[in-house]
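Going line by line, the protein sequences match chains A and B.
For the first sequence, this note's numbering gives the first residue as 1, with consecutive numbering after it.
For the second sequence, this note's numbering gives the first residue as 1, with consecutive numbering after it.
Yeah, the Cβ is synthetic: ideal placement off N, Cα and C, and Gly gets one too.
Down below is the structure, laid out as structure tokens.
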Amino acid sequence: MNPTVELANVYLLALPEIVLTLSACLLFLAGTFRQNRHFWAMKSLGILGAAAFILALPFYRQPVDPLFALQAPNMVQPIVLDRLALLLKIVALIGGAVLVLFSWNEVSDDLAAEYHACLLVIIAGVGLSAMANDLIILFLALEMISIPTYVILYLQKTDLGAREAAAKYFLLSVFSTGLLLFGFSYLYGLCGTTNITALLDGLRSTDAGRLPLIALVALVMVVAGLGFKITAVPFHFYAPDVYQGTSLTSAALLAFVPKVAGFAALLRVLDFVWPGNRPPGVALGTQAPILFWILAAMTMTVGNVLALLQDNLKRILAYSSVAHAGYMLIGLATAPELAHQAAAVGGGQAVVFYLVSYGAMTVGAFAVLAYLSTPQAPIETVDDLAGVSRSHPAVALMMAIFLFSLIGMPLTAGFAGKFFLFLGALEVRPEQAVLFRCLALIAALNAAAGAWYYLRIIAAMYLRTPLRAIDKPATWPGLAAIAVCAAITVALGVYPTPLLQAAKAAVGQ
Amino acid sequence: MTAVLSGFVLALVAPGLYRRARAGAGWLLALLPLGLAGYFGSYTEAVAAGETVRASYSWAPALGVDLSFCLDGLSLLFALLITGIGALILIYAGGYLSGHPQLGRLYAFLLLFMASMLGLVLADNLLALFVFWELTSLSSYLLIGFDHERAEARAAALQALLVTGGGGLALLAGLLLLGQAGGSLELSVLLGQPHDLRGHPLYLPMLLLVLLGAFTKSAQFPFHFWLPGAMAAPTPISAYLHSATMVKAGVYLLARLHPLLGGTDAWHALVTGFGAATMLAGGLLAVTQTDLKRILAYSTVSALGTLVLLLGIGTSAAVTAALVFLLAHALYKGALFLVAGALDHETGTRDVRQLGGLWRTMPVTAAAAGLAALSLAGFAPFLSFIGKELVFEAVWAAPGAGFILAPAAVLAGALFVVTAGLTGVRPFWGAPRATPRPPHEAPLSLWLGPVLLAGSGLLFGLWPALVAAQLVSPAVTAVVGHPQHVLLALWHGFNLALALSGVSLVLGLALYLGWNAIRRASACLEPLLNRGPAMWYEVALRGLNRLAQGQTRLLQSGYLRYYLMIVLVATAGLTGATLVRRGRLASPVDWSGLSFYDAGLALLILLATAAAVLARSRLAAIAALGVVGYSVALVFVLFGAPDVAMTQFLVETLTVILFVLVFYHLPESPAVSHTLARLRDALLAAAVGVLMTGLVLLAGDVQYHPPISAYFAEHSLADAHGRNLVNVILVDFRGLDTLGEITVLAVAGVGVYALLKLRVGAQGHSAAGSTEVQPARTDAAPLEPEPGPVPAVNGAPQDGGLALANPAAEEGGGR
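Structure follows, in structure tokens:
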């Protein structure tokens, strides 16, 4: 194996991310010379376009390059471009473009360059974390997401609330990073390698799949560390406080990006709990699902129950983000079980599908709020949305689509996603069926409770008279962001098959 | 498919059309349902001949979920009712709400509902059925809440949605189980397959879930309470959704699934039992009301109960009775609702006690009302008379339970008579009474619907053959599962059914005459009625709110330290549980290799930790922590890891310097927290400490690969040409690490310089960061003015310095 060749290949694979990061560096420097939000937003759209163009090159069309297959089976590059990575990279780029559109007019002229540069680095981090096949690369990629996020949190708003939000996010994030690293170090200590493929091979080949206790501890630590990113209970506490304190753009960013990276990392690192070719029910095959079962049930319930009483829209969406993380955790809980049986939709597949759906509907909802807010009269509470259907019928309709999707109403992405997740829980093999049916029941009850607070918003928009006039001049980037999200939400709900199949190919189950 | 879609499309354009056409919009829009009715009507021949029309569009083929539709006898009957009545309602709504600013929206919601309802009865796929089912709940929510200025309407809308939507979720679960057990989600496949679901181990849960969905939708006892509440909707809506169509969706579902799930003991007991209870409860509640619409609502509940009861019996006679009764009920109840609306519209009140003698001023409405009331009471020669005869016959012949059910049915029939008198006779006859508005005849759009509906009830009664062969027979065939040929006749001869019919009529008339006495008697029952299911709904809702409040207070306090505390507890709990389960928390430790230095360092660390915890001033605590860090570094030195030790020294020095610099700017340490908080913190710290100890001991056990020192010793001279192992490690093997450390140091230096230069005078509260480093010490809750400690103006970047130290130390401990 020639290390030089290998390294060159790795660079090629990460070319879009390299372009994004280098451009971001240029933006940081050039931002001092020109302060115009339109200019920098256009530039970052262009850069994202360039990254997308590179990704569209034929080289990336064949995710499994024969060159990689030739290598020793348990020593693959630190970066792999499999279908999962490719799918998530596309999602990251589209998400990034939507976020750029969304924040186009939300950032001030003097901070635009820095803001967009941070955003580009974050997108690069998501792409990298999707490809990472090495614990260290994965960790670096996650930090590539976290550190610019701290900057953005501080950058956009400077009042006391925003500072408190940024400080809370920072401290808890660093703490969770510590937990994650602790878990990683145990994994390394166990197998003597940081390469995830080799790691998984090592763990799988331990006798009869009975992993040492230390691997379980590492599993718990990794889940705890990544739990922060995906806002799983009890690592979710920052979400409502931080979302409320920070700007709408940052809140949307926080609701979407860390979840993608977190679930990507979980799917990669925890691959060893869904056994490749092991018989069902050995060691981790039984314990990991229980762990995720508990986390999923707690996360959904806490998120939904706490959201019931909120009046602040950002807090509602924060708790909703917690609740939806809970739904997605169902997929992780069922994945090891469903891997053994010919399930219609595998757990991991449903998670990937839901991630995309959730991203579209949540970012869309935040974008609507941002679109209607002005610095003088921000949309903060449910009452502020009263009667929006009269003053902004189109935007209100799209907001209703997002909210119906969050509820899980048919013909929206949210329904399709929830359906696939719940279906998985109902399909688990007979020995575990009762347990997972209970989970599906908890999920259904949660979905019902969740409907309450989303409907309150819809009712306010459609059934009440405006309390105050919302007069914000229409801006096309914000509208475009909303429209893209709405289109994705509806398209995935009406015709989910393409993404479902892409997700199946990506996760392989 | 096109039929369903056209409804949705028209719903979208309806508000625009209304803006253009104004008064004519209702008539114009009614053309669509009318056309659809014609379209479905054209299939009657084919369907009566036993054909089933199908259409299918793929949605998610991987799951076997397709958007497929089929039209058989049962669907056709419902489709005709939906479109036919729908057309009349659209016209009526135009007159009823003429000039209302939101009328366009009402049209849109109505068409949306109509399309969903059509989709529901035409769907061949269980999931598609569920999708449309929820869409009808949703459009019902929008329609009940149409009069959104009233809080009562909004609450009723929400109540209806929560009850039916919740039932819908149960239905989804039931349908999925059904699909799994039967191996397909296509109704036609399920109905056509030989093997029996009734013996399936999951039959009972399946049945219960499906029934829950159907019962909530069709307002069966004890879920009936949402339906009278739903009367907050404008009257045309009540007539259409909450009497003629939507509430019958549950009945449709029971009929549809009858061949699959029906016929077992559980089915008989549950469906018949709940049906009978609803029939009686609805009838009794109806006669105690005084509001026209509420009387009609409860009598609808009673009728729905009758339908469910009949489907529970499930014999082909019962099914025939159910379908005829359903058709008759849709016709007369729709008419009565529309009459009630017209009365409300023209006189300004719906209280039966204030209405009387209106036949003089509103003759056409009175005629329609009279026809509909006679029909409701079950007089010959109306279709409902035939229906009633069939009901009595079927109930009497019900296997095993006829002698209980027949009197119940007779009583319900009598109560129907009372209802008919109250709603169709009393307002129009007798002495005229003063009404809020001077009454006058309703316009054409308002009396057209009632007249047509009531008239067709009479028409079908006189010539039952009109519906028997073309509509009822195919529908009964679809429900029972094998071909049925139904003959309907007005005259059945002198038999038991006629006798029962007569008894119920006489009893009903007697009750009607004693209505005031009944109402007074029922007032005594008020407290009992107040404890009905509606109260439990309230209690549940309030309980949920209270739970949310409690949880919010408990969990989301806004204090960072509590968040961290919970995270720590959870992590320790999860990991600890794993360790304890494997019984590995206390593994034996080999003390033999312990040297004097080791013991000394360990003692030093312990002492320094105690000092840090007990120290009264911050600086002392920091100094003590520094001692801990340096001692740990010395441990690394002792165990031959000089590079790690080096790193630790640097980090430790930096941390102490940063701490000192930060704390220099902070106000004096706040008062030490009270004992209980300290005790709690101590417990938490101890738990985490024990856990970490356990983990470290565990890590020591594992030795999967040779120690790295051997590698360094072997390769130091050969690869790096250096004899001093430590030097080689620092500048070569771990060269990048060293560079990183130097960089960190440089950055920190710059940061320290900037801090010293800044020297902002503003002093804040104790920084949130200190909570993390010394959880045992800080609990400044009483001093903080508001939830969420706000860092000092220049405190935040410094917090970073503090916080970074913690994971680093942890990591060091983990190695």
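- Residue 753 (chain B) counts as exposed, since fewer than 16 other C-beta atoms from the protein chains shown sit within 10 angstroms of its C-beta.
- The bridge partners DSSP lists for residue 693 (chain B) come to none.
- If you compare the alpha carbons of A:213, A:97 and A:168 with that of residue 577 (chain B), the shortest gap goes to A:213.
- Put simply, the CB of residue 402 (chain A) is far from chain B, with every gap to its CB atoms at 8 Å or more.
- In chain order, 448 make up the part of chain A whose C-beta sits under 7 Å from the C-beta of residue 166 (chain B).
- When C-beta atoms of the stretch 414 to 434 of chain B are compared with those of the stretch 510 to 527 of chain B, three or more pairs fall below 8 Å, so the two segments count as touching.
- Scanning A:358, A:145 and A:383 for the CA closest to the CA of residue 464 (chain A) turns up A:383.
- Only exposed fits residue 535 (chain B), as fewer than 16 other CB atoms lie within 10 angstroms of its CB.
- Shown here, residue 410 (chain B) sits in a helix according to DSSP, grouped into three states.
- Here the C-alpha atom of residue 490 (chain A) lies approximately 37 Å from the C-alpha atom of residue 25 (chain A).
- Between the alpha carbons of residue 432 (chain B) and residue 359 (chain B) lies a distance of about 9 Å.
- Residue environment for residue 559 (chain B): buried (at least 16 other C-beta atoms within 10 angstroms of its C-beta).
- With contacts defined as CB atoms closer than 8 Å, residue 364 (chain B) and residue 429 (chain B) fail to qualify as a contacting pair.
- Legend: CB atoms of the stretch 354 to 374 of chain A lying less than 9 Å from CB atoms of chain B are not found in any residue.
- With respect to the 8 Å criterion, residue 379 (chain B) and residue 508 (chain B) are not classified as neighbours on the basis of their beta carbons.
- Contact between residue 147 (chain A) and residue 253 (chain A) is ruled out by a C-beta separation of about 13 Å, above the 8 Å threshold.
- Around residue 545 (chain B), the beta-carbon contacts reaching into chain A at under 7 Å are 308 and 309.
- Any Cβ of chain B closer than 8 Å to the Cβ of residue 189 (chain A) would place that residue at the interface, and such an atom is present.
- For a Cβ distance threshold of 8 Å, nothing in chain A lies close to residue 553 (chain B): the least Cβ distance comes to about 10 Å.
- Relative to residue 351 (chain A), the option among A:361, A:360, A:335 and A:362 whose CA is nearest is A:335.
- The three-state secondary structure of residue 79 (chain A), taken from DSSP, is strand.
- For residue 494 (chain B), the secondary structure class from DSSP, reduced to helix, strand or coil, is coil.
- The DSSP assignment places 363 to 377 as complete runs of the alpha helix (DSSP H) inside the stretch 341 to 379 of chain B, in order along the chain (cut-off: 4 residues).
- Our two residues, residue 385 (chain A) and residue 375 (chain A), have alpha carbons roughly 16 Å apart in a direct line.
- Contact between residue 297 (chain B) and residue 254 (chain B) fails: their C-beta atoms lie close to 21 Å from each other, not under 8 Å.
- Fewer than three Cβ pairs drawn from the stretch 260 to 267 of chain A and the stretch 185 to 199 of chain A lie within less than 8 Å of each other, which leaves the two stretches out of contact.
- According to the DSSP assignment, residue 393 (chain B) belongs to the alpha helix (DSSP H) that extends over 383 to 396.
- Considered as a whole, the stretch 332 to 407 of chain A harbours 347 to 372, 388 to 391 and 393 to 407 as its complete alpha helix (DSSP H) runs of no fewer than 4 residues, in chain order.
- In this structure, residue 213 (chain B) sits near residue 171 (chain B), with a CB-CB distance shorter than 8 Å.
- Under DSSP, residue 70 (chain B) takes part in a beta bridge, and its partners are B:54.
- Residue 650 (chain B) has its alpha-carbon roughly 27 Å from the corresponding atom of residue 721 (chain B).
- In this model, residue 163 (chain A) and residue 155 (chain A) are separated by some 10 Å (Cα to Cα).
- Think of a sphere of 7 Å around the beta carbon of residue 305 (chain A): the chain B residues whose beta carbon falls inside it are 547, 548 and 551, in chain order.
- For residue 224 (chain A) and residue 230 (chain A), the gap between their C-alpha atoms comes out near 10 Å.
- Against chain B, the CB of residue 16 (chain A) has no partner CB under 8 Å away; the residue lies outside that interface.
- Within chain A, the residues whose beta carbon sits less than 8 Å from that of residue 180 (chain B) are 426 and 427, listed in sequence order.
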